[in-house]
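K.L.:
Residue numbers (the working numbering), protein chains in the order written: chain A, 24 to 475; chain B, 171 to 210. Note that beta-carbon positions come from the ideal geometry of N, C-alpha and C, so glycine has one too. As the structure is a computational prediction, the values presented were derived from the model and not from experiment. Pasting a structure here, questions to come.
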C-alpha cells in the first residue's frame with residue numbers, strides 16, 4: 024500500500040479541481056514569505072538583555088543582519104541542491120519537509136534567543152529555516168505549471184505573489200505577538216518565535232494535505248498543446264543536468280540576477296532614501312508608508328506581470344522590465360533635483376512591480392525554454408542568482424552611498440551613482456535577454472520523461 | 171468498468187481559498203493603512 028508521501032498517492036483522482044492547487048501553493052508561500060519581514064525582530068533582538076535599552080552584552084544590529092543573509096544564501100543553495108529530489112518525490116513530500124524545516128527553524132531560533140546564543144539563531148532561522156525557504160519556494164512551482172499548461176505564468180505568479188504577501192501578514196503579526204508576550208523582564212521574542220513556528224507549521228501542513236499532482240496526460244478541457252515550437256517555446260524537454268550546460272540557462276541566470284539586484288537597490292534603502300532625497304518633505308512615518316506601498320506593488324507585480332506574460336511572451340515581458348527599468352532608474356537623480364515626491368513614488372512603485380514580476384515570470388520562462396519535465400529542479404538551480412543578488416545588491420547600494428558621503432557629496436545626491444549603476448546592471452540583463460534563443464534540439468531529452 | 175468521478179465541491183474550493191485569503195486580506199489591509207501615512 025503506497026504511503027501518504029509516495030508520488031502515486033499524490034496523483035489527483037478524476038474530478039479533482041485544479042483550483043485547489045493554488046491555495047495549497049499559497050499556504051506555503053504566504054508562510055515562507057515571512058522572511059521579508061524578519062527585520063521587525065532586529066530592534067527587539069538588540070534589547071533581549073536590557074529590555075528597555077540595549078545592554079553591553081546585547082547583540083548588535085550588524086550581528087543580527089547575518090540571520091537574514093544566511094537564510095537567503097541557504098534558500099538558493101537548498102533550492103539548487105534539492106531541486107531534483109523535489110521533482111522526483113512530488114510536492115507533498117517536499118512541502119512537508121519545508122514545513123518541518125521552516126517551523127523547526129523558528130523553534131531552534133527561539134532556543135538560541137532564550138540561551139542568548141547567536142550561533143543557535145544562525146543555525147535555526149538561517150540554516151534550517153533557509154532550507155525550508157528554498158524547498159518550500161520551489162515545491163509547488165512545477166506542479167502548478169502542470170495543472171495550468173494553458174496559463175503557466177498566471178499560475179506560478181499566484182504562488183509567488185504569496186511570497187510577497189507573506190511579509191504583509193508576518194510584519195503586523197510579529198508586532199502583535201511581541202506586544203502580547205512582552206513583560207517588564209522580556210521583549211517577548213522567544214515566545215513569538217515559538218508561536219509563529221507552530222502557526223506556520225500548521226498552515227503549511229494544510230498545503231501538504233491539499234496539494235495533488237495531475238495524472239499523466241491530463242489536460243484542461245479544451246486545451247490544445249502547441250504542435251510546433253513557437254519562437255521561444257520548446258515542444259520537447261531538457262533534463263536538469265543538460266539545461267545546466269546550455270547557454271540559455273546562464274542567460275536566464277543573468278537576467279534574474281540583474282533584475283533582482285536592481286530591485287534590491289530600492290528595497291534595501293527605501294525608507295532612508297526618500298527621507299534623504301527630499302529633506303523636510305518626507306517624515307519617518309510617511310517613509311514607512313512608502314515602504315508599505317512598495318510591498319503592495321512588489322506583490323501585485325508578481326501576479327500582473329506574470330499573467331501578462333502568458334499573452335505577450337516571457338522574452339517581451341523582460342524586455343519591458345529592462346527597457347523601462349533603465350529609463351526609470353536613470354531618471355531618479357533628475358526627479359530628485361526637481362523635488363517631486365509624487366513622481367519619485369510613482370517611479371519606484373513601477374520599478375518594484377517589475378522586481379516582483381521578474382521573480383514570478385521566470386518559472387514560466389524556464390518552462391518555455393526547457394519544457395516541463397525538470398522545470399522545478401532547473402528553477403531551483405536558477406535561484407542561486409537570487410542568493411548572489413541578495414548579497415550583491417545591498418553591498419553595492421550601501422558601499423556606494425557611504426563612499427559618496429565620504430567624498431563630500433550632499434545627502435540628497437548620494438544615491439545618484441547607485442541609480443545609474445542599477446541602470447547599467449539592467450543593461451546587462453537587457454543584452455542577455457535580447458540574445459535569448461530556443462535551445463538547440465541536440466539538448467532535448469530523448470525517450471520517456473524522467474521524474475527527475 | 172469505469173471509475174466513478176466525484177467532482178470537487180465548489181464549497182471546498184471556496185473554503186480552501188478562504189483559509190489562505192482571509193489572513194492575506196488582513197495583512198494587505200494592515201499594509202494599506204501603513205501606506206496611507208505617505209499621503210497624509
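1) Here's the rule: buried if 16 or more other CB atoms are within 10 angstroms of the residue's CB, otherwise exposed. What is residue 236/A?
2) Note down, one range per segment and in chain order, each beta strand (DSSP E) of at least 3 residues found wholly within the segment 333–397 of chain A.
3) Just to confirm before moving on: does the CB-CB distance between residue 67/A and residue 212/A stay below 8 Å?
4) Output needed in chain order: residues of the segment 294–326 of chain A with a Cβ under 7 Å from some Cβ in chain B.
5) Which of the three DSSP states, helix, strand or coil, is assigned to residue 34/A?
6) Would the segment 180–193 of chain A count as touching the segment 105–113 of chain A if we require 3 or more Cβ pairs under 8 Å?
7) Tell me the DSSP bridge mates of residue 236/A?
8) For residue 191/B versus residue 188/A, is the C-beta distance shorter than 8 Å?
9) Would you call residue 101/A buried or exposed, if buried means 16 or more other Cβ atoms sit within 10 Å of its Cβ?
10) Using the three-state DSSP reduction, which class does residue 475/A fall into: helix, strand or coil?
11) Would residue 45/A pass as a contact of residue 178/A if the rule is Cβ separation under 8 Å?
12) For chain B, is any of its Cβ atoms less than 8 Å away from the one on residue 359/A?
13) Taking beta-carbon pairs under 7 Å, can you tell me which members of the segment 41–67 of chain A lie near chain B?
14) Less than 8 Å between CB atoms is the rule here; does residue 39/A satisfy it with respect to chain C?
15) Taking 8 Å as the threshold, find out whether the segment 434–444 of chain A comes into contact with the segment 410–425 of chain A through three or more Cβ pairs.
16) Take residue 462/A as the anchor and find which of 348/A, 259/A and 380/A has the nearest alpha-carbon.
17) Where do the N-terminal and C-terminal ends of the alpha helix (DSSP H) with residue 299/A fall, by residue?
18) Note down the Cα distance separating residue 113/A from residue 261/A, rounded to an integer number of angstroms.
19) Could you work out which residues of chain B lie near residue 195/A, taking near to mean beta carbons separated by less than 9 Å?
P.N.:
If we stick to the structure as given:
1) Buried, by the Cβ-count rule.
2) Listed in chain order, there is nothing to give.
3) Yes. Within cutoff.
4) Going along the segment 294–326 of chain A in chain order, one finds 308, 309, 311, 312, 313, 315, 316, 318 and 319 with a Cβ nearer than 7 Å to chain B.
5) Judged by DSSP in its simplified three-state form, residue 34/A adopts strand.
6) Contact between the segment 180–193 of chain A and the segment 105–113 of chain A is absent, because fewer than three Cβ pairs lie under 8 Å.
7) Residue pairing by DSSP puts residue 236/A in a beta bridge opposite 34/A.
8) With contacts defined as CB atoms closer than 8 Å, residue 191/B and residue 188/A fail to qualify as a contacting pair.
9) Its Cβ being crowded by 16 or more others within 10 Å, residue 101/A is buried.
10) Its pLDDT being 48, under 50, residue 475/A is placed unreliably by the model, and the measurement read from it follows with that caveat. In this structure, DSSP gives residue 475/A a state outside helix and strand, which the three-state scheme calls coil.
11) The Cβ atoms of residue 45/A and residue 178/A lie closer than 8 Å to each other.
12) Using a Cβ-Cβ cut-off of 8 Å, residue 359/A does not count as an interface residue toward chain B, since no Cβ of chain B sits closer than that to its own.
13) When C-beta distances to chain B are compared with 7 Å, the residues of the segment 41–67 of chain A below that value are 42, 43, 46, 49, 50 and 53, in chain order.
14) In the displayed structure, chain C is absent; the protein chains listed are A and B.
15) With the cut-off at 8 Å, the segment 434–444 of chain A and the segment 410–425 of chain A touch.
16) That would be 259/A, whose Cα lies nearest to the Cα of residue 462/A.
17) From DSSP, the alpha helix (DSSP H) with residue 299/A extends over 293–300.
18) Looking at the backbone, the Cα of residue 113/A and that of residue 261/A are separated by about 19 Å.
19) Neighbours of residue 195/A on chain B, chain order: 196, 197, 200, 201 and 204.
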